[in-house]
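Read the structure below first, then the notes.
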Amino acid sequence: MKIERIKTFINLVDLESYSLTAEKFEISQPAVSMQIKSLEKYFETELIHKEKGQINLSPAGKIVYQEGKKILKRWGYLKQRVESKKNMKIKKLKIASSTIPSVYLLPEIISTLNKNIDDLKTEVSVGDSRAMINLLENSEVDLIIVGSKPQNNKFNAIELCSDHLSLIAPLNHALIEQEKVFLAELQNQNLLMREEGSGTRKATISAFEEAGLKTDDFNVISQLGSTEAVISAVESGLGISFISKIAAKKAAICRRVAEIKIADVEYERKFYLAYNKNRHDDYLINIFIESAKNIL
1 MKIERIKTFI
11 NLVDLESYSL
21 TAEKFEISQP
31 AVSMQIKSLE
41 KYFETELIHK
51 EKGQINLSPA
61 GKIVYQEGKK
71 ILKRWGYLKQ
81 RVESKKNMKI
91 KKLKIASSTI
101 PSVYLLPEII
111 STLNKNIDDL
121 KTEVSVGDSR
131 AMINLLENSE
141 VDLIIVGSKP
151 QNNKFNAIEL
161 CSDHLSLIAP
171 LNHALIEQEK
181 VFLAELQNQN
191 LLMREEGSGT
201 RKATISAFEE
211 AGLKTDDFNV
221 ISQLGSTEAV
231 ISAVESGLGI
241 SFISKIAAKK
251 AAICRRVAEI
261 KIADVEYERK
271 FYLAYNKNRH
281 DDYLINIFIE
291 SAKNIL
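Just so we're aligned: 171 in the UniProt record's numbering is position 171 of the sequence shown, and the numbers increase by one with no gaps anywhere.
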């Protein structure tokens with residue numbers, strides 16, 4: 001089967017040794033050579049040539065190596081899906097997410113997964129970024145989506161998408177009438193912020209610092225535990241607040257709050273998907289990542 005020959009070829013390139021490749025697959029070195037020659041015959045071109053004992057790839061060999069790795073990955077997914085279907089195993093994916101992704105990103109991703117994987121069960125925990133990272137560190141979940149990049153070197157962290165900060169205010173707020181609003185003008189306003197550990201809070205503080213300001217320069221009257229709590233508080237007239245633009249846009253369309261453009265704030269934040277490195281071959285995690293990338 002060509003798949004096995006591709007696997008041998010890729011391992012030969014990675015190990016840079018016919019003997020180590022033969023040892024890994026428990027075959028003879030001539031058998032390794034025969035598989036490589038068989039591939040070259042199939043593609044009708046040289047894939048590998050040796051110079052001073054080193055294994056070098058031809059231009060065609062580089063293509064076979066790069067695309068072959070993708071084929072093997074997809075082949076692995078295919079085998080796992082067939083096996084899981086044959087064995088009728090219950091498939092469960094535990095996800096932890098900060099607020100914004102849980103409301104605005106996860107539903108579509110999970111919906112796509114459910115269309116592709118029969119009998120998939122998902123369990124979603126929601127909280128601030130720091131708490132969700134702790135869940136992954138304790139192996140209580142399979143993966144997380146958060147607004148702060150995890151610094152744990154045991155994790156693989158992938159950038160999913162970008163978001164921006166948006167200032168929201170009550171619909172009758174005086175700032176709405178101004179053509180331009182600068183950050184310093186907000187210092188005498190009642191400001192609402194997210195709680196400690198929130199990715200939105202960290203992004204807001206970073207935006208302040210870029211403008212040469214700090215949290216103490218503002219009249220912070222309340223700290224709230226979710227984006228929805230912030231929107232509701234602003235809607236009721238309690239104050240103004242910086243939140244995710246993704247969330248602000250929806251709330252503004254529904255005429256709950258008004259979005260205000262701040263002239264000197266161009267802060268961009270990222271949402272990251274992270275999982276333990278020792279799960280890099282996990283079928284459900286990889287199919288989740290693939291679905292997320294296709295959607296976002």
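Using N, Cα and C, we set each Cβ at its ideal position, and we do this for glycine too.
| query | result |
| --- | --- |
| Residues of its chain near C161, where Cβ-Cβ distance is below 7 Å and the 5 sequence neighbours each way are ignored | F271, L296 |
| Whole-angstrom distance between D128 and S97, CA atom to CA atom | 8 Å |
| Close-in-space but distant-in-sequence residues of the same chain around L106 (CB under 8 Å, 5 per side omitted) | I95, S97, V124, I145 |
| Residues of its chain near D217, where Cβ-Cβ distance is below 6 Å and the 5 sequence neighbours each way are ignored | Q187 |
| Local Cβ density within 10 Å of S19, reported as buried at 16 or more and exposed below that | exposed |
| Residue(s) in a DSSP beta bridge with Y272 | V146, E159 |
| Coarse secondary structure for A184, derived from DSSP in three states | helix |
| Top-ranked residue by Cα proximity to S206, from S17, F242, K154 | F242 |
| Own chain residues within Cβ distance below 7 Å of D264, not counting five before or after | F182, L183, A211 |
| Residue closest to V141, alpha-carbon to alpha-carbon, out of K149, S148, A131 | A131 |
| Length at least 3, wholly inside the segment 36-118: the beta strand (DSSP E) runs in chain order | 48-51, 54-57, 91-97 |
| Backbone secondary structure at V13 - three-state DSSP | helix |
| One or two residues paired with I168 in a DSSP bridge | S241, E259 |
| DSSP-derived helix/strand/coil call for Q29 | helix |
| CB of Q223 within 9 Å of CB of L192, strictly | yes |
| Residue span of the beta strand (DSSP E) that contains N190, given as start and end | 190-194 |
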